[in-house]
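The structure appears below as structure tokens.
Protein chains in written order, with the numbering used here: chain Y, 22 to 311; chain U, 104 to 423.
Okay, structure coming up:
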């Protein structure tokens with residue numbers, strides 16, 4: 022079991038999974054960094070996007086990777102409207118309130134999915150699912166490698182957008198100092214809605230990249246929500262670099278935990294990291310003092 | 104005040120007479136109303152009165168259920184004797200989580216999330232360690248004798264749930280008139296101001312979470328004895344946490360009768376959706392339907408009616 026080749030494969034697999042986690046966590050950390058709300062519905066919205074990818078494939082036969090632009094645009098629109106109609110109206114006041122509202126939202130989304138899609142586990146059979154690539158002693162499924170690369174490209178594109186575009190600059194300005202941003206004429210509410218939309222668009226992208234190798238059920242959101250929060254807290258709430266590093270650490274932790282502790286007990290690593298970071302260093306690895 | 108006393112007496116008389124007048128099916132529903140109100144009240148004491156919103160209260164529930172069940176099944180204890188031990192275990196877990204979290208200065212959403220993570224750790228452990236029998240869950244041998252905390256007639260378990268509910272109401276009532284309760288409300292409204300007034304915020308929060316944990320654990324044992332079975336998903340799953348939070352929030356967090364009203368409301372919704380599902384064949388999945396309604400209610404209550412349904416009954420402004 023302590024065979025180095027085995028360990029190598031475990032680390033590689035963890036890195037690949039972590040690449041997609043990064044995308045999920047970047048959305049969450051963006052929403053936190055700009056809006057200062059904890060989006061508890063993040064996992065449920067990811068699940069919804071995964072169903073969108075699944076039905077695009079099942080009904081129209083669109084390959085999950087080819088669906089990327091459609092799903093990203095759809096998820097952005099969904100997030101934008103959701104912010105305008107619900108989140109935006111109540112994101113002021115006690116911070117538990119918005120947490121409770123997003124909890125209510127996740128309950129509604131999970132159960133609407135259960136009502137309409139049923140409780141069965143759904144998967145997509147892509148023709149290249151069985152293709153493996155050999156790296157050193159490890160055999161890695163091709164779709165995981167494609168997804169990993171695509172995730173990094175999307176994150177990089179988002180980084181460039183945030184750094185160069187006018188909207189990106191406005192978002193960063195609002196994240197730093199919302200009063201000041203308002204004073205220089207930035208439409209802060211619009212920036213909030215766009216930021217929430219981009220956060221959800223990241224989930225849309227993650228859903229496309231996950232579906233070739235993962236499955237989806239109405240409770241898939243639960244599996245991701247604690248993972249996403251752990252990554253964000255580990256990296257530091259609101260930090261992009263933190264989300265990236267945290268994603269890889271959590272991916273590897275999960276992979277090695279499963280390897281050494283078994284499928285059941287292996288999941289404990291993520292929750293323990295979450296608890297320990299909150300108790301010992303709540304600002305995370307890259308976070309600034311709140 | 105006398106009107107309130109009169110209402111309580113009438114309500115109590117109705118609750119006592121109710122199981123004598125209705126079929127067993129409705130007795131069990133009544134039992135569930137009071138039981139859910141009881142565990143909801145345990146959440147309310149920490150989450151409502153003291154403002155320490157928890158997303159993982161099930162950790163206490165599961166600790167209580169597993170403690171009494173393991174003592175009973177593995178070590179042959181009488182469940183009545185195991186009950187106080189289970190409560191002590193729940194209180195100890197509450198104390199531990201409180202000391203760790205509040206020492207680290209966690210507040211608001213962060214506290215809510217860490218309780219969720221603690222519940223998850225307990226769930227995974229219960230799934231993995233040998234003495235809980237892992238994912239198989241634990242069966243309690245059916246032996247319906249009152250001395251054994253098992254009842255043939257659902258009326259007795261109903262009265263026990265009613266008794267628990269009354270005790271929890273008395274505890275909440277006591278909180279509204281004691282200095283301890285006043286300190287908790289001060290902490291909820293403004294923690295820094297409470298500290299400035301000389302309140303030992305840390306000690307009070309630890310105390311309230313210990314009390315809440317012990318109460319919730321009592322509910323766990325009750326549940327295990329009623330259904331004679333627990334597994335990690337039931338005992339530490341997120342569903343029960345959400346249920347406790349929901350009944351308090353919907354009924355009115357930080358009010359005495361909030362959890363009871365919330366529990367009545369949710370059980371009512373349950374029955375209406377069950378009826379709807381039997382009439383409209385397209386809605387054969389009942390469970391998601393009622394949960395959708397709960398979710399919408401939670402959003403509406405937090406957004407529009409922060410004091411819950413209780414505020415609809417009240418004429419005087421809230422003394423907070």
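Quick reminder that beta carbons are idealized off the backbone N, C-alpha and C, glycines included. Owing to the predicted nature of the structure, the values given are computational and were not obtained by experimental measurement.
_Beta carbon proximity, residue 65/Y to chain U, threshold 8 Å_ = Interface with chain U (8 Å Cβ-Cβ cutoff): residue 65/Y is excluded.
_Closer than 8 Å to chain Y by CB, residue 159/U_ = Output row for residue 159/U: interface = no.
*Limits of the alpha helix (DSSP H) - the one that residue 356/U falls within*: Where residue 356/U is concerned, there is no enclosing alpha helix (DSSP H), because DSSP gives it neither an H nor an E.
_Would residue 236/Y and residue 144/Y be called neighbours here (beta carbons separated by less than 8 Å)?_
Cβ atoms of residue 236/Y and residue 144/Y: closer than 8 Å.
*Starting from residue 49/Y, find everything on chain B with Cβ-Cβ shorter than 8 Å and list it in chain order.*
Considering every chain present, this structure includes no chain B. Its protein chains are Y and U.
*Using a beta-carbon distance below 8 Å, is residue 125/Y in contact with chain U?*
Closer than 8 Å: yes.
*Nearest-angstrom Cα separation, counted from residue 136/Y out to residue 270/U*: Residue 270/U and residue 136/Y have their C-alpha atoms some 38 Å from each other.
_Cutoff 6 Å; reference residue 318/U; Cβ partners in own chain excluding five residues on either side_ = Only 145 meet the Cβ criterion.
*Residues that DSSP places opposite residue 155/Y in a beta bridge*: DSSP, once it has assigned bridges, lists 160/Y as partnering residue 155/Y.
*asked:* So the candidates are 383/U, 371/U, 415/U; which of them puts its Cα closest to the Cα of residue 396/U?
replied: It is 371/U.
*Do the region 50-70 of chain Y and the region 244-259 of chain Y make contact, defined as three or more Cβ pairs closer than 8 Å?*
Below 8 Å, enough C-beta pairs join the region 50-70 of chain Y and the region 244-259 of chain Y to call them touching: three or more.
_Cβ shell of residue 91/Y (< 8 Å), same chain only, five flanking positions each side left out_ = Hits under 8 Å: 77, 83.
_Neighbour flag for residue 240/U against chain Y, beta carbons, 8 Å_ = Interface residue (Cβ-Cβ distance to chain Y less than 8 Å): residue 240/U is not classified as such.
*State yes or no: is the C-beta of residue 55/Y within less than 8 Å of the C-beta of residue 216/Y?*
Closer than 8 Å, so yes.
*Identified DSSP bridge partners for residue 237/Y*: Per the DSSP secondary-structure output, residue 237/Y pairs in a beta bridge with 143/Y.
*asked:* Does chain Y have any CB closer than 8 Å to the CB of residue 230/U?
replied: A Cβ of chain Y is located within less than 8 Å of the beta carbon of residue 230/U.
*Can you give me the Cβ contacts of residue 310/U inside the same chain, cut-off strictly under 8 Å, excluding the 5 residues immediately before and after it?*
Non-local beta-carbon contacts of residue 310/U in its own chain, meaning distances under 8 Å to residues more than five positions away in sequence, involve 283 in chain order.
*Who are the neighbours of residue 117/Y on chain U, taking C-beta pairs under 7 Å?*
Against residue 117/Y, the close residues of chain U are 156, 211, 212, 215, in the order they occur along the chain (beta-carbon pairs closer than 7 Å).
*Give the DSSP-derived three-state secondary structure of residue 68/Y in the structure shown.*
Looking at residue 68/Y - three-state DSSP - the assignment turns out to be helix.
*From this set, 70/Y, 303/Y, 156/Y, which residue's C-alpha is nearest residue 263/Y's C-alpha?*
The residue among 70/Y, 303/Y, 156/Y with its C-alpha nearest the C-alpha of residue 263/Y is 303/Y.
_Against chain Y, does residue 143/U count as a neighbour if the rule is that its beta carbon must be under 8 Å from one of theirs?_
No, residue 143/U lies away from the interface with chain Y (no Cβ there is under 8 Å from its Cβ).
*If you run the structure through DSSP and keep just helix, strand and coil, what is residue 149/Y?*
Looking at residue 149/Y - three-state DSSP - the assignment turns out to be coil, as it is neither helix nor strand.
*Tell me which same chain residues have a C-beta within less than 7 Å of the C-beta of residue 105/Y, skipping the five on either side of it?*
Contacts found: 214.
*How about residue 220/U: is its C-beta nearer than 8 Å to some C-beta of chain Y?*
Taking Cβ atoms only, chain Y reaches closer than 8 Å to residue 220/U, which makes this a yes.
_At a CB distance below 9 Å, what residues from the region 402-416 of chain U approach chain Y? Give them in sequence order._
Result list: 402, 403, 404, 405, 406, 409.
*Leaving aside the five residues before and after residue 362/U along the sequence, list all residues of the same chain whose C-beta is less than 6 Å from its C-beta, in chain order.*
If you ignore the 5 residues before and after residue 362/U, its C-beta comes within less than 6 Å of the C-beta of 140, 143, 144, 147, 350, 351, 354, all in its own chain and listed in chain order.
_Can you give me the C-alpha to C-alpha distance between residue 106/U and residue 245/Y, rounded to a whole angstrom?_
Rounded to whole angstroms, the separation of the alpha carbons of residue 245/Y and residue 106/U is 51 Å.
*Residues of the region 336-368 of chain U with a CB closer than 9 Å to any CB of chain Y: list them in chain order, please.*
Sequence-ordered contacts of the region 336-368 of chain U with chain Y read 341, 345, 348, 349, 352 [C-beta pairs closer than 9 Å].
_Beta carbon proximity, residue 293/Y to chain U, threshold 8 Å_ = At a cut-off of 8 Å between C-beta atoms, residue 293/Y counts as an interface residue with respect to chain U.
*Could you name the residues of chain Y that residue 233/U contacts, counting a contact when the two beta carbons are closer than 9 Å?*
Ordered by position in chain Y, no residue passes the 9 Å Cβ test against residue 233/U, which lies about 12 Å from the chain.
*The alpha helix (DSSP H) enclosing residue 250/U, as first and last residue numbers*: Secondary structure note for residue 250/U: it is in no alpha helix (DSSP H), with a DSSP letter that is neither H nor E.
_Residues of its chain near residue 246/U, where Cβ-Cβ distance is below 7 Å and the 5 sequence neighbours each way are ignored_ = Cβ contact annotation for residue 246/U (same chain, cutoff 7 Å, sequence separation greater than five): 253, in chain order.
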